[in-house]
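Residue numbers (the numbering used here): 12 to 127.
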């Protein structure tokens, strides 16, 4: 119960705090939200790194441009070759956050990260 509450609280903070700032910093992509979600599921299933929370993931990729570039390229390949849609390529972590928020996927991504 505590883990779900923590995830819900993080989602609320993210949506109220980080997402508006991220949306101003990077315009969300115009993507098929279903394809984005399918790509998320595969990406987190095969990701070589795990995170404790969405905040950990965001701060890690904001600090390490090379890691973000590598993860973004892998995400784009999964979206195209595994999911079978157009490539979804994020220019920045803030663009990823704003795109996921626009699609309403933030709580679902939190579930993937936390293993729920």
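In this text, a Cβ means the ideal position worked out from N, Cα and C, and glycines have one as well.
The count of Cβ pairs closer than 8 Å, one atom from the segment 42-58 and one from the segment 66-73, stays below three, leaving the stretches out of contact. In this chain, residue 59 is not harboured by any alpha helix (DSSP H), its DSSP state being neither H nor E. In this structure residue 84 is exposed. Its beta-carbon is surrounded by fewer than 16 other beta-carbon atoms within 10 angstroms.
Residue 124 places its beta carbon 9 Å or farther from that of residue 79. At the C-beta level, residue 117 and residue 40 stay beyond 9 Å of one another.
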